[in-house]
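In order, the protein sequences belong to chains A and B.
Taking this note's numbering, the leading residue of the first sequence gets 716, the next gets one more, and so forth.
Taking this note's numbering, the leading residue of the second sequence gets -18, the next gets one more, and so forth.
Yeah, the Cβ is synthetic: ideal placement off N, Cα and C, and Gly gets one too.
Bear in mind the structure is a predicted one, so any value in this text is a computation, not a measurement.
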Amino acid sequence: MFNFSQFIMATTQPRLIILASCTALFFLGSNPPAIGNPTGKDPTQPLKIHGTIDGAEALANQLHQTYLEELDVVTRMFERRNDPASFSDRQISKSAARLWKARRDAKHLELMSEPIGADLTRKLFLLAVQIDQFGLSYSRTPRGSQMMTQLITKLRRDSPRFQKFLQQAAASLQNRNDPEVFTKQMEAKGMQMRESLVFFRPLEHKKYLFNFDALLTTGDVNHKKVRRMQYLAQANDKIKNEVGSVAAATKEMKRICEELEQTGFATLDGDVKGDGTQAFAQVCKLWVQASANLTRANAIEWMITHQTGNAKISEIASLKKATLVALPAIINSVAEKTTTDQIPVVYTNLLRQISQLNRRTTGRNQVSQACTNALNELAKKNTALANGIDAYTRATAEPLTWRKRFANEQAGYLSSQQASAEALLNSKAPTDTSNRPNFARRPGGETVMVSRTFNEPADWMIDETAKRLVGQSIKEDRLIRLGPNSPTGVIPFTNSHYANVALALSPEEEIADLKIALLIDEDHHALSLAGMDAISSAEMQDYVSVGGTIQQVHLEALLTRFIAFPDAAMTLVPLGGLPQGTANLTPLEQTCWRLDIVPKWAHHGYFTVRSAASKPLERNTPQTSN
Amino acid sequence: MKQALETAKSKTKSMTNSAVEAVEDTLPESGEVTLNLQPDPIAISNAELDLISIGDGRPNVVQIITYNPDASSRSYPALLLHGTTNMSTASSLAGEKVQCDVYYQASESSPIAMTLPGEAMTVAFQQYNPTDKALTATLGMISLRGSDGSVIQIEGGDVLAVIREETK
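Structure below.
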């Protein structure tokens, strides 16, 4: 089987610089998420952080550790819940205090817009409910009753000192002292109080806390204001950086075009002088990088606005416009500066780049449409080439038409055996909750396979979804390979999920056959866009659709996926577009599921290919003329 | 094959008997294909041959088409034979054997049939008729795969193809 974590470090190829840029280690982003996302195989992995706000990672790691330790405590105590006398009052006190603080810290992580914060809030609440229950149960045991007497005495004795503390706290609030210090001191005191109060009924807490909660709430409001301002500034700085890079990329595109127009060469990465085809590839690469910049900036906007509207849609459109101005301009310069005998080589190089880029944009033919006139002008400079293109188009049009229809029909038969991703992911099935902690098991009802929100602890969600999805057959549309040497293709993000597909099929025979029909050999390339698209997509294994088996499921947070978004993952978002979250759901709570799929068949535009293990099509009887 | 040519000619004539006699002589041959399918052979009453030269050192393309590729809808049964040759004119194909991909569909609702990757039908061109600008050929045996997984066996056949154009 395929190890999907080995995400591809393919070597670059000059003719496909844009695609090579997609072949870096896929999910190791520029941000440093130290922890992985939960998977069906390892549901206990915490959700990754996106780290937009300084300190989020350390806090998330620390809180996750606290959660694991307290989960262990609660699970063990729950086993002995019918014998509360066996509980340790010290353990209950310690856990109550830690959970009280941890729940506050989880809220802080939420303020940092870290999805793991919301997840930890949910998990820690469930633990706190159990610990409170254990505290009350223990207080009713003979040993507990004795302890309660001592506790009441102690609380009463400490009360004057506590009230003095509260007066000082109130004064601190009044004087607008440093909210950081206020919070720290209140939390220390709050933990102390929780150690005792966990054994009391909630109604009795007020008797000993006086106005502690009111003061803390006021302090929290003040502190939150300060933190929110800080975090907003940090987030805006990051957006500014991303948008700045986009402006630089657009400027660079213009410079490349101008230099090429003037000299026939352009300075590209470093001090290397590149020709027109290399300049073309460089502009494509800049488009990819700048699109990744805007994807990240857009996702940070989600975090600020608490909505998944796409704030950067006009910037994405401007970037596309700039690119689609630059690309034909480069072809025009190429037409001016290239000698007649070199035009066929340059023409086919550009045609290949255009076909690859076409498949990676939102509207599939936008790049070719923008470049058609310039390409035609280029071809006209070499009469033999121009005539050859016409003849080639006529000589290959009919086989292409037949092959496309044949492949469509075959794909129809093949896909009839598989549920579409949308149907499968939105279907309902009974839930097996047996892997939940002992205190949370319940009879599993029917739920939607894939939830668009984090409505339960992430580890339960992934476990229960993976158990239902792994091994299921699925059909996905539009598979784009990460890079020319990559073993993985991607189904771009849509409807709360994306997929990684191991390119385990062997289309060599079909490619060889297609090459014969398209008159292609080592010295002769496709001359029409349709022919080039057919062969370049076949060689890249970019497929129209794919059917296969779900091998693994990963649960990611939408925000994290697109904020901690490496340039190399740009294949997930077709160029010229932005990922679409679910309207009316808060971004912090939105999921992004990743499916790992092992293909059984794939539908290329001009053939289908099946895995050796999959059965041939059912009907195998001789057919008569009609 | 002569017989096929005569049959096609007489067929065309019979179709135009009621038309104006004067145009009869200039009416082009429409060509014909007989495919020996099981259990009954089928005849397709149109076949044109294109020889297309790309001109950049690639072999030339020979294609025999039984339908009008420019029409909005196809006529059925529809057949395309597509192969390459080093001959530069259609007339010089007489006596040549060309390996062709086969594309076939009996009716609009039938599965499409194609040669398997790596396989090809041998088309043996026989006689060139300069008057009618037509070529005859015999078709070899081939097993096609259907888009529904079925197998379509062609036990040979005959072609009378009208040469449509030559591009250099």
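Between Gly1159/A, Ile831/A and Pro875/A, which has its C-alpha nearest Thr1168/A's C-alpha?
Ile831/A
Using the C-alpha atoms, what's the distance from Lys756/A back to Leu18/B?
55 Å
Among Asn1073/A, Thr1098/A, Thr1077/A and Ala1099/A, which one has its Cα closest to the Cα of Thr1087/A?
Asn1073/A
Excluding the 5 residues preceding and the 5 following Ala1005/A in the sequence, name in chain order all residues of the same chain whose CB lies nearer than 8 Å to its CB.
Ser960, Val961, Ala964, Thr965 and Leu1034
Classify Ala71/B as helix, strand or coil using the three-state DSSP reduction.
coil
Got a sec: is the Cβ-Cβ distance from Arg1109/A to anything in chain B below 8 Å?
Closer than 8 Å: yes.
In whole angstroms, give me the CA-to-CA distance for Ala996/A and Gly1127/A.
36 Å
What are the start and end residues of the alpha helix (DSSP H) that includes Asn1047/A?
Ile1028 to Lys1052
Along the chain, where does the alpha helix (DSSP H) that runs through Met908/A open and close?
Pro894 to Leu912
Here's the rule: buried if 16 or more other CB atoms are within 10 angstroms of the residue's CB, otherwise exposed. What is Ile1250/A?
So Ile1250/A ends up on the buried side.
How should Ser801/A be labelled, buried or exposed, when 16 other C-beta atoms within 10 angstroms of its C-beta is the threshold for buried?
exposed
Please confirm if Trp1117/A has its CB atom under 8 Å from at least one CB of chain B.
Trp1117/A counts as touching chain B.
Is it buried or exposed, Asp893/A, if we count other Cβ atoms within 10 angstroms and call 16 or more buried?
exposed
Based on Cα-Cα distance, which residue from Gln889/A, Met1255/A, Lys922/A and Thr868/A lies nearest to Asn933/A?
One point to set straight first is that residue 933/A is Thr, not Asn, in the sequence displayed. Considering only alpha carbons, the answer is Gln889/A.
If you run the structure through DSSP and keep just helix, strand and coil, what is Ala994/A?
helix
In chain order, what residues of the same chain have a beta carbon less than 7 Å from the beta carbon of Pro1114/A, not counting five sequence neighbours either side?
Excluding sequence positions up to five before and after Pro1114/A, its CB lies within less than 7 Å of the CB of Ala1232, all in the same chain and listed in chain order.
Is the shortest distance between the beta-carbon of His1239/A and the beta-carbons of chain B less than 8 Å?
yes
Tell me whether Asn956/A is buried or exposed, calling it buried when 16 or more other Cβ atoms sit within 10 Å of its Cβ.
exposed
Kindly indicate the opening and closing residues of the alpha helix (DSSP H) around Leu16/B.
First-last for Leu16/B: Glu13 to Leu18, but that is the beta strand (DSSP E), not the alpha helix (DSSP H).
Any C-beta of chain A sitting closer than 8 Å to the C-beta of Thr65/B?
yes
For Ile33/B, would you say it is in contact with chain A, using Cβ-to-Cβ distances shorter than 8 Å as the test?
So, interface residue.
Report yes or no: is there a C-beta of chain B within less than 8 Å of the C-beta of Gly1103/A?
The beta carbon of Gly1103/A falls within 8 Å of a beta carbon belonging to chain B, placing the residue at that interface.
Only counting the same chain, and skipping five residues up and downstream in sequence, which positions put a Cβ closer than 7 Å to that of Val1061/A?
Gly991, Thr992, Val1049 and Thr1053, listed in sequence order.
Just to check my reading of the structure: Val79/B and Thr70/B have Cβ atoms closer than 8 Å, yes? What is that Cβ distance to the nearest angstrom?
About 14 Å; that fails the 8 Å criterion.
Is Arg1120/A close to chain B, meaning its C-beta is less than 8 Å from at least one C-beta of that chain?
By this cut-off, Arg1120/A is an interface position.
Under a CB-based cut-off of 8 Å, is Met122/B close to chain A?
no
Beta strand (DSSP E) containing Arg805/A: first to last residue?
Counting along the chain, Arg805/A falls outside any beta strand (DSSP E), though it belongs to the alpha helix (DSSP H) covering Asp804 to Leu826.
So Gln1256/A contacts chain B; which residues on that side make the cut at Cβ distance below 7 Å?
Those do not exist, as Gln1256/A stays about 16 Å from chain B at its closest Cβ, beyond 7 Å.
Apart from the five residues just before and just after Asn1141/A, which ones in its own chain have a Cβ nearer than 8 Å to its Cβ?
Val1163, Met1164 and Val1165
I'd like to know if the region 1182 to 1190 of chain A and the region 1289 to 1297 of chain A are in contact, where contact means that at least 3 CB-CB pairs between them fall below 8 Å.
no
Among the residues of its own chain, which have a CB less than 6 Å from the CB of Phe1322/A, if the five just before and after it don't count?
Ala1122 and Glu1225
Could you check whether Ala929/A and Met1018/A sit closer than 8 Å to each other, using their CB atoms as the reference points?
no
Taking 8 Å as the threshold (C-beta atoms), are Lys1143/A and Glu1171/A in contact?
Their beta carbons are not under 8 Å apart, which means Glu1171/A does not touch Lys1143/A by this criterion.
With a threshold of 8 Å between beta-carbons, can Arg145/B be considered close to chain A, or not?
no
Taking C-beta pairs closer than 9 Å, name the residues in chain A that Met95/B reaches, listed in chain order.
Under the 9 Å cutoff, chain A gives Trp1117, Arg1118 and Phe1121.
For Arg39/B, is the classification buried or exposed, using 16 other Cβ atoms within 10 angstroms of its Cβ as the cut-off for buried?
The residue is buried, with at least 16 neighbouring Cβ atoms inside 10 Å.
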